[in-house]
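So the protein lines, in turn, are chains P and L. Using the working numbering, read the first sequence as starting at 2 and increasing by one per residue. Using the working numbering, read the second sequence as starting at 2 and increasing by one per residue. Ideal Cβ positions, reconstructed from N, Cα and C, are used throughout, including at glycine. I have placed the structure first, in the form of structure tokens, so that the comments after it can refer back to it.
There are 2 protein chains.
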Amino acid sequence: MQDKKADVTREALHSSFYELLKEKRYEDINVKDITENAFTSRANFYYYYRSKEEMMYALFYELKYSIGIEIDKRVEQLREVDVNDSEALSAILYPSIFRTLEYVKSNKWIFILDKRTNDFDFISTLRVEYEKNITKHFSADIKKYNNAEFIRINTLFYTSGVAAVIAEWISTDMQTSIKLIATTLYLQLYNLFMILYRTHIVD
Amino acid sequence: MQDKKADVTREALHSSFYELLKEKRYEDINVKDITENAFTSRANFYYYYRSKEEMMYALFYELKYSIGIEIDKRVEQLREVDVNDSEALSAILYPSIFRTLEYVKSNKWIFILDKRTNDFDFISTLRVEYEKNITKHFSADIKKYNNAEFIRINTLFYTSGVAAVIAEWISTDMQTSIKLIATTLYLQLYNLFMILYRTHIVD
Chain P
2 MQDKKADVTR
12 EALHSSFYEL
22 LKEKRYEDIN
32 VKDITENAFT
42 SRANFYYYYR
52 SKEEMMYALF
62 YELKYSIGIE
72 IDKRVEQLRE
82 VDVNDSEALS
92 AILYPSIFRT
102 LEYVKSNKWI
112 FILDKRTNDF
122 DFISTLRVEY
132 EKNITKHFSA
142 DIKKYNNAEF
152 IRINTLFYTS
162 GVAAVIAEWI
172 STDMQTSIKL
182 IATTLYLQLY
192 NLFMILYRTH
202 IVD
Chain L
2 MQDKKADVTR
12 EALHSSFYEL
22 LKEKRYEDIN
32 VKDITENAFT
42 SRANFYYYYR
52 SKEEMMYALF
62 YELKYSIGIE
72 IDKRVEQLRE
82 VDVNDSEALS
92 AILYPSIFRT
102 LEYVKSNKWI
112 FILDKRTNDF
122 DFISTLRVEY
132 EKNITKHFSA
142 DIKKYNNAEF
152 IRINTLFYTS
162 GVAAVIAEWI
172 STDMQTSIKL
182 IATTLYLQLY
192 NLFMILYRTH
202 IVD
């Protein structure tokens, strides 16, 4: 029971911090603001974190972890699909990308904060996770068709494109519709599959 | 005649610098090395440049300028092509990308130096030039089909992908064959055209 109560307090502190970020700059928020807004005591805050900075890092870490899980899940789904069946592929890929972007948008403030502070590099995380997963999942299959270097370069191309688009989306306060971003990333990912499966490179 | 002779001396100084860069680190090269290797006097060097650094900046600037010209030329060629004619498109695009990469490789040392010093950001230059040109050339045509935001996002995706692949190529000392890089960039650019011309997005 103690653990459950602790979780509730911690969650309240996190929510309070997110709420404050909508109104104020990170630099202008202090621990007192966070605890008052969460209707809890400063002692409770210091039970979990030594400082506002430490809390921020914990949030970044959680986000990084959950992004990893999300991407793993989606790559897992792809294992089931026949890459030559373009309708089946799009039925899986588009909603998956759309949901990931919704997830990013619902965690908007932490991403904007990340962008501002540069303490936790979300964009590199995204790139590393994607590259790891695409390489892990597809390499065995694709190696039948292509050389590993070609796969690696194309994956780097794709993940860097995704990272740049997401970074720009965040830095422009996510004004562009999710639909437009999702369509772009979907079409580009679909193309990546086509390049990797349909091109036979002899170097 | 005076101007022509001056050009020859300046060229000799540049070549000397490039040659030395193959053997030594930038930091370990001094003006004396450059002039001795160019069979000219230090006075001649100081007639053009105040320091080794100033010469390097001049070389970066020239490179930036010539990259702009190169890209302009190639985009100009594309104006003539029917985008729906995939064979005509590939006949123009692939050799054009291949030649650009050869050009980068023949200027290898200055790119590696750039990467090391971070004084002149070649990668950003490349991105800006590409974005400017793709947008300038294709926007009128594509706007019939798509909204400007969609074009912008896809162009950003493409140029960031190119920049990442080239940056990695440079940082790994251009070990990967030009053919493999050119094939990747060609297939990705071809895909960009297909996305921009064949997708009709209503946002």
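Tell me whether the region 82–89 of chain L and the region 172–180 of chain L touch, counting them as touching only if at least three CB pairs, one residue from each stretch, are closer than 8 Å. Counting Cβ pairs under 8 Å, fewer than three are found: no touch.
Collapsed DSSP secondary structure at E88/P in the structure displayed: Three-state result, E88/P: helix.
Quick one, which of I70/L, L197/L, T185/L has its alpha-carbon nearest T184/P's? For T184/P, the nearest C-alpha among the options comes from L197/L.
Which of helix, strand or coil does DSSP assign to S178/L? The answer is coil: DSSP assigns S178/L none of H, G, I, E or B.
Reduced DSSP category for A39/L - H, G, I as helix; E, B as strand; rest coil: DSSP places A39/L in coil when its eight states are reduced to three.
Under DSSP, the alpha helix (DSSP H) around R75/P begins and ends at which residues? Judged by DSSP secondary structure, R75/P falls within the alpha helix (DSSP H) whose first and last residues are 53–79.
Below 7 Å, is the gap between the Cβ of Y49/L and the nearest heavy atom of the ligand NAD? In the structure on display, the ligand NAD does not appear, and there are no ligands present to speak of.
Could you tell me whether the region 162–169 of chain L touches the region 72–81 of chain L, using the rule of 3 or more Cβ pairs below 8 Å? The region 162–169 of chain L vs the region 72–81 of chain L: no contact.
Meets three-Cβ-pair contact criterion under 8 Å: the region 90–110 of chain L and the region 41–54 of chain L: Between the region 90–110 of chain L and the region 41–54 of chain L there are fewer than three C-beta pairs closer than 8 Å, too few to call the two in contact.
Residue from Y49/P, E71/P, A149/P, L21/P whose Cα sits closest to the Cα of V105/P: The option with the nearest alpha carbon to V105/P is E71/P.
Boundaries of the alpha helix (DSSP H) in which Y27/P is found, first to last residue: For Y27/P, there is no enclosing alpha helix (DSSP H), as DSSP marks it with neither H nor E.
When the Cα of F99/P is compared with those of L186/P, L193/P, D8/P, R199/P, which residue comes out closest? Comparing Cα positions, the closest option is L186/P.
Measure the beta-carbon distance from N108/P to L64/P and round it to whole angstroms, keeping in mind my assumption that it falls under 8 Å. Confirmed, about 6 Å.
To the nearest angstrom, report how far apart L22/L and W110/L are at their CA atoms. CA-to-CA, the gap between L22/L and W110/L works out to about 7 Å.
Kindly indicate which three-state DSSP category Y104/P falls into: helix, strand or coil? The three-state reading of DSSP puts Y104/P in helix, counting H, G and I together.
Pull up the distance between the alpha-carbon of R11/L and that of Y49/L, whole angstroms please. One alpha carbon belongs to R11/L, the other to Y49/L, and they sit about 8 Å apart.
Short-range partners of chain L found in the region 86–117 of chain P, where Cβ spacing is below 7 Å: The region 86–117 of chain P vs chain L, Cβ under 7 Å: nothing.
Going straight from the alpha carbon of E88/L to that of E54/P, what length do you get? Going from the Cα of E88/L to the Cα of E54/P covers about 57 Å.
Using three-state DSSP, classify Y50/P as helix, strand or coil. Correct three-state label for Y50/P: coil.
Alpha helix (DSSP H) containing T156/P: first to last residue? Under the DSSP assignment, T156/P falls in the alpha helix (DSSP H) whose first and last residues are 149–172.
Assign V82/P to one of three DSSP states: helix, strand, or coil. V82/P: coil per DSSP, three-state reduction.
Tell whether a beta-carbon distance below 8 Å holds between S52/L and I35/L. Taking 8 Å as the Cβ cut-off, S52/L and I35/L do not qualify as a contacting pair.
CA-CA distance, R199/L and V76/P? Answer to the nearest angstrom: the Cα atoms are 27 Å apart.
Look at the alpha carbon of G69/P and the alpha carbon of Y191/P, and state the distance between them as a whole number of angstroms. Approximately 21 Å, taken between the alpha carbons.
Quick one, are the C-beta atoms of L193/L and I154/P less than 8 Å apart? Cβ distance not < 8 Å, so L193/L and I154/P don't count as in contact.
Please list, in chain order, the chain L residues whose beta carbon lies closer than 7 Å to that of A149/P. Neighbours of A149/P on chain L: none; closest Cβ ~11 Å, over 7 Å.
Proximal residues to N31/P (C-beta, below 8 Å), its chain only, five neighbours per side dropped: Around N31/P, the same chain offers K53 as residues with beta carbons nearer than 8 Å, after the five sequence neighbours per side are excluded.
In chain order, what residues of the same chain lie with their CB nearer than 8 Å to the CB of A13/L, ignoring the 5 residues before and after it? Same-chain partners within the cutoff: A39, F40, T41.
Kindly indicate if chain P contains any beta-carbon less than 8 Å away from that of S161/L. S161/L has a beta carbon lying within less than 8 Å of a beta carbon in chain P.
Any C-beta of chain L sitting closer than 8 Å to the C-beta of T185/P? Put simply, the CB of T185/P is near chain L, with a gap under 8 Å to one of its CB atoms.
In chain order, what residues of the same chain lie with their CB nearer than 6 Å to the CB of D120/P, ignoring the 5 residues before and after it? Model confidence at D120/P stands at a pLDDT of 45, short of 50, so the residue's coordinates are unreliable and nothing is read from them.
Can you give the Cα-Cα distance for T101/L and E24/L, rounded to whole angstroms? Here the C-alpha atom of T101/L lies approximately 25 Å from the C-alpha atom of E24/L.
Identify the contact partners of V166/P in chain L, using a Cβ-Cβ distance below 8 Å as the criterion. Within 8 Å Cβ-Cβ: I154, L157, F158, S161.
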